[in-house]
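Report on one structure; see the data block that follows.
There are 2 protein chains.
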Amino acid sequence: MRRVLLWLAGNAWLREHLPRFGFAKRAARRFMPGERLDDALAAGLAFQGDGIGIILTRLGEDVTSAAEADVVAAHYEEVIERLATDGIDGYVSFKLTQLGLEQDPERAYERCDRLAQRAAAHGSLVVIDMESSRLVEPTLALYERLLAAHPGSGICLQAYLRRTAADLQRLVPRHPFVRLVKGAYREPEDVAYQSPREVDASYVSLATTMLQAQASGDRVGIGLGTHDIALIDLIEAHARAVGLDRTAFEVEMLYGIRLDQQRRLAREGYRVRDLISYGEAWYPWYMRRLAERPANVVFALRQVVPW
Amino acid sequence: MRRVLLWLAGNAWLREHLPRFGFAKRAARRFMPGERLDDALAAGLAFQGDGIGIILTRLGEDVTSAAEADVVAAHYEEVIERLATDGIDGYVSFKLTQLGLEQDPERAYERCDRLAQRAAAHGSLVVIDMESSRLVEPTLALYERLLAAHPGSGICLQAYLRRTAADLQRLVPRHPFVRLVKGAYREPEDVAYQSPREVDASYVSLATTMLQAQASGDRVGIGLGTHDIALIDLIEAHARAVGLDRTAFEVEMLYGIRLDQQRRLAREGYRVRDLISYGEAWYPWYMRRLAERPANVVFALRQVVPW
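Set out below in structure tokens:
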């Protein structure tokens, strides 16, 4: 099923046509408060009451020109300002391809640098999202430069990639902020662990590495981008073992998934953020979410089919 | 099935009577070359040719008096001498209850200390095996003392125990040698992780911690007591990520299990040891081996029933 869903995620016809249908929009509401920034900000404000921060990301079409990348950058600049104005505990996260990485890495860096500057002016940060494996190297290269200029900037690393253990070692001495996720793209066997148990083990191993670094005094920010409570429990136990506590990391879950757990964790003293996506190009993103968790497919179908 | 096997392992009547039957002895040959030390040493010599070292452990009855514990200690002293005389790359591993831990911890320590001394005289070491969770604390306490007197001495830690992450942190600054196993006793939920994926994740997390310590210059010896090739691969990848290689740890597998893999790993430059058990009291140990891996039960039945 995962393969089918990932194939559907890449289907151009569906990507163009499906989101126009009302039933599809309803299904997508499972994972996003709405297509507009205002929808996302309103949801973010509501989370404040539960002591849950947010992360905002706009789901965009592929960027093919400098002009389009400038529009995306301008949009994130607006988001950064709106978060500050509305007094919401949140930051932005974006894909570098949206900022033109594949057209012109230097211009992409400049856009990124400007956003990090704006965020820093409000005491906030930016986090670079990670994409398919072929983009890891240029993304890391840009991030290292950004991190040197703007301490506290973040990046997403994917536990299913075999290279990530080495990538993390390369980043740790530079004091990164890392959102650690399992990984949701379809990658070949030689590039990524395929079995859930290997991915889980890699995930915990990477988190352990960061906690060790933190415990020995390195500034390493940790975001656990997972809905897997068993893993979070294990990592929390490890944090205690090295003399830290549950505030050593933040837990980042997607809007609409395990909200009960997000609230429980926040109540129990964990730092929790809800990652809110919005925008019109939600189709491939949505299909990857379904592929991650078969249970979500059932939920999605229930929104559409009157069982 | 695991529960049934663990219950059978604890059954006193079976423990006494089953090993007398010929068919049971044949089934046990799956996991031990024979009941006598000579059988184990002969098997050990044969492994030399494959570049595989050994670990010897005698399967004993519960010890109830100082005299019995003295007999066990004298036996291991003999084993240490025999390994040296026969020129076999090997060391001994034993349970502290066999050396009288529960009757008199001080005397148990003295026996242990003498064995470690004898081993050191031959450039070898001793490794303390781990038993059920209630014995972890006294075992660790004795080990810490032993390690201070005899650097290089080893202990077994069990990844399924929730406390092990903290135990490892306590040991690392003392430069331990740790045989890391998943754990094979039946332990309650609040004491031990129950699901294989949690145990695996804990296992890799603990191995990662030791590799990090080794990479930052601490003397920490690592024995991976597992037959799980996927985990070994993951840990090897992590070793490379921190600038070490596959000789950073040794792989320890049981006699009779995955011998093809033991040979392959040895050929590929891993340090491999085969853990050979012998002795008459093999019944509960044997049942725990079956409980670990349902495939072994099928194999064992095939030795007995002519399918």
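Sequence lines, in order, name chains A and B.
Per the numbering used here, the very first residue in the first sequence carries number 5; after that it's consecutive.
Per the numbering used here, the very first residue in the second sequence carries number 5; after that it's consecutive.
Glycine is no exception: its CB is placed at the ideal position from the N, C-alpha and C atoms.
Within chain B, partners of residue 235 (chain A) - CB distance below 7 Å: 205
Rounded straight-line distance, which links the Cα of residue 59 (chain A) to that of residue 12 (chain A): 27 Å
Proximity test, Cβ basis, 7 Å: residue 238 (chain A) and chain D: This model lacks chain D altogether; the protein chains it does include are A and B.
Completely contained beta strand (DSSP E) runs for the stretch 174-230 of chain B, where each covers 3 or more residues: 181-185 and 225-229
Cβ neighbours of residue 152 (chain A) in the same chain (closer than 8 Å, five flanking residues each side left out): 178
CB of residue 253 (chain B) within 7 Å of CB of residue 235 (chain B), strictly: no
Beta-carbon contacts of residue 250 (chain A) that lie in its chain and below 7 Å, excluding the five residues immediately before and after: 240, 243, 273 and 274
Per DSSP, cross-strand counterpart(s) of residue 364 (chain B): Missing from the structure shown is residue 364 (chain B); chain B here goes from 5 to 311 and no further.
The stretch 35-42 of chain B touching the stretch 187-207 of chain B, judged by at least three CB pairs closer than 8 Å: no
Residue-chain proximity (residue 230 (chain B), chain A), Cβ-Cβ < 7 Å: no
Classification of residue 78 (chain A) by the beta-carbon crowding that lies within 10 angstroms, buried from 16 upward: exposed
Buried versus exposed, by CB contacts within 10 Å (16 or more), residue 284 (chain A): exposed
Boundaries of the beta strand (DSSP E) in which residue 254 (chain B) is found, first to last residue: 254-258
Any C-beta of chain A under 7 Å from that of residue 164 (chain B): no
Environment of residue 288 (chain B) [buried if 16+ CB atoms lie within 10 Å]: buried
Residue 215 (chain B) beta carbon less than 7 Å from that of residue 176 (chain B): no
Strand pairing of residue 281 (chain B), partner residues [DSSP]: B:61
Supposed contact pair residue 56 (chain B) and residue 270 (chain B) - C-beta distance, whole angstroms, cut 8 Å: 5 Å
Beta-carbon gap between residue 286 (chain B) and residue 47 (chain B) smaller than 7 Å: no
Length of the line joining the Cα atoms of residue 268 (chain A) and residue 224 (chain B): 39 Å
Short CB-CB distance (under 7 Å) between residue 246 (chain B) and chain A: yes
Limits of the unbroken beta strand (DSSP E) element including residue 130 (chain B): 130-132
Proximal residues, the stretch 169-201 of chain B versus chain A, C-beta separation under 8 Å: 169, 170, 172, 173, 197, 199, 200 and 201
Residue 182 (chain B) vs residue 161 (chain B) beta-carbon contact at 7 Å: yes
Spatial neighbours of residue 102 (chain A) in its chain, beta-carbon cut-off 6 Å, leaving aside the 5 residues before and after: 64, 67 and 76
At least 3 beta-carbon pairs within less than 8 Å: the stretch 106-126 of chain A vs the stretch 168-175 of chain A: no
Cutoff 7 Å: residue 208 (chain B) Cβ touching any chain A Cβ: yes
Contact list for the stretch 208-227 of chain A against chain B, Cβ threshold 7 Å: 208, 209, 212, 213 and 216
Per-residue DSSP class, three states only, for residue 309 (chain B): In this prediction, residue 309 (chain B) has a pLDDT of 49, which is less than 50 and means its spatial position is unreliable; what the coordinates show is noted afterwards. The answer is coil: DSSP assigns residue 309 (chain B) none of H, G, I, E or B.
Own chain, CB closer than 6 Å to residue 276 (chain B), minus 5 neighbours either side, in chain order: 56, 255, 266, 269 and 270
Contact set for residue 129 (chain B): own chain, Cβ-Cβ below 8 Å, skip 5 residues either direction: 95, 120, 123, 154, 156, 157, 158 and 181
Partners in chain B for residue 241 (chain A), counting only beta-carbon separations shorter than 7 Å: 166 and 169
Residue 210 (chain A) versus residue 233 (chain B): straight-line alpha-carbon distance, rounded: 19 Å
Straight-line Cα distance separating residue 93 (chain A) from residue 34 (chain A): 23 Å
Beta-carbon proximity list for residue 71 (chain A), same chain, < 6 Å, skipping 5 on both sides: none
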